[in-house]
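Colleague: Mapping of the sequence shown onto UniProt numbering: position 189 corresponds to residue 189, and the numbering continues sequentially without gaps.
In this text, a Cβ means the ideal position worked out from N, Cα and C, and glycines have one as well.
Nothing here was measured: the structure is a model prediction, and the numbers come from that model.
One structure follows; several queries about it will come next.
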Amino acid sequence: MASRVCGYCGVHAHFTPAGETSVVHDEETEGAIIYVQAAFSCAACKLLSLGSTDIFAGSSEWAYELVAGEEVKYWSAIGVESWLPDNGGPKIANLPATVQKASEEAFKSFKAGQHMAAILMARTTIEATAKAHGIDKGTLASKIKKMHDQHLILVSTKTAADAIRDFGNDMAHGDLDVAVAWSDARDCVQLMELILREVFELPHLASQLEARAAKRKAQSVPAEQ
Ligand SMILES: [Zn+2]
Numbered sequence: 001m002a003s004r005v006c007g008y009c010g011v012h013a014h015f016t017p018a019g020e021t022s023v024v025h026d027e028e029t030e031g032a033i034i035y036v037q038a039a040f041s042c043a044a045c046k047l048l049s050l051g052s053t054d055i056f057a058g059s060s061e062w063a064y065e066l067v068a069g070e071e072v073k074y075w076s077a078i079g080v081e082s083w084l085p086d087n088g089g090p091k092i093a094n095l096p097a098t099v100q101k102a103s104e105e106a107f108k109s110f111k112a113g114q115h116m117a118a119i120l121m122a123r124t125t126i127e128a129t130a131k132a133h134g135i136d137k138g139t140l141a142s143k144i145k146k147m148h149d150q151h152l153i154l155v156s157t158k159t160a161a162d163a164i165r166d167f168g169n170d171m172a173h174g175d176l177d178v179a180v181a182w183s184d185a186r187d188c189v190q191l192m193e194l195i196l197r198e199v200f201e202l203p204h205l206a207s208q209l210e211a212r213a214a215k216r217k218a219q220s221v222p223a224e225q
């Protein structure tokens, strides 16, 4: 089931649907979009968050049907797109759990004014990003280089990743007397977000678009001679 950093207690916990799932058909588009919502209970603090997902006609999620009593199965199939309350970070699709956890810590630390922690967690997030692609040996610099060699990141993104690494380097090795400005932490967290979007979100969105285009092509009637 869905697992995320809770907007109430801040713990990375499992969320289970509690009660009914509401399905509302959009009137303006004559039902081409359905809005699915449910309350979810946090395994750590038991408080309820609202999970929502918009499903578009023609998407792979469109085919799933909500069966009474099988809400968990339904939500596992369609996934949760947005949460209330959220946990302060931007929504980035398709993140592995470890990467999501590390990046949410970076966003949360930055929001709380903990600049050193934000930079360190941005650095850890890049390590976790490399590890998610089987790159788990060597220094952070060599991991970033390998990610670029494997075409996971562009040259411009590699430069960004190197910048975060340089920032976090001193702190990761115990040099805690370096001065860290708010803008340093902001730059690191922003660069981290760019990297995550490029490595995880863009390929995911591209493959969804591709699948939809292929489906449309297969469904279109060939023109008559
Ligand atoms: Zn909680």
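1. Run the CB neighbour count on residue 229, radius 10 Å, all protein chains shown included, and call it buried at 16 or more, exposed below.
2. Could you give the first and the last residue of the continuous alpha helix (DSSP H) run that contains Pro203?
3. Alpha carbon to alpha carbon, how far is Gly79 from Glu61? Give it in angstroms, no decimals.
4. Return yes when at least one heavy atom of ligand 1 lies under 7 angstroms from the C-beta of Ala188, else no.
5. When you compare each of Asp177, Tyr8, Asn169 to Pro85 by their alpha carbons, which one comes out closest?
6. Who does Gln37 pair with in a DSSP beta bridge?
7. Helix, strand or coil: which one does DSSP assign to Ser59?
8. Measure from the C-beta of Gln208 to each C-beta in chain B and report whether the shortest distance is under 8 angstroms.
9. Can you tell me where the beta strand (DSSP E) holding Leu191 begins and where it ends?
10. Could you please go through the chain and list the residues whose beta-carbon is closer than 7 angstroms to any non-hydrogen atom of ligand 1?
11. From this set, Ala214, Thr125, Ala130, which residue's C-alpha is nearest Glu193's C-alpha?
12. Below 8 angstroms between beta carbons: does that hold for Gly168 and Leu120?
Modeller: Taking the coordinates as given:
1. Coverage of the chain is limited to positions 1 through 225, which leaves residue 229 absent and any answer about it impossible.
2. 202 to 219
3. 9 angstroms
4. It should be noted that the sequence gives Cys, not Ala, for residue 188. For ligand 1, not one heavy atom lies less than 7 angstroms from the Cβ of Cys188.
5. Tyr8
6. Ser22, Ser52
7. coil
8. Of the protein chains in this structure there is only one, and it is not chain B.
9. Leu191 -> not in any beta strand (DSSP E); alpha helix (DSSP H) instead, spanning 182 to 196.
10. Cys6, Tyr8, Cys9, Val11, Ala13, Cys42, Ala44, Cys45, Leu47
11. Thr125
12. yes
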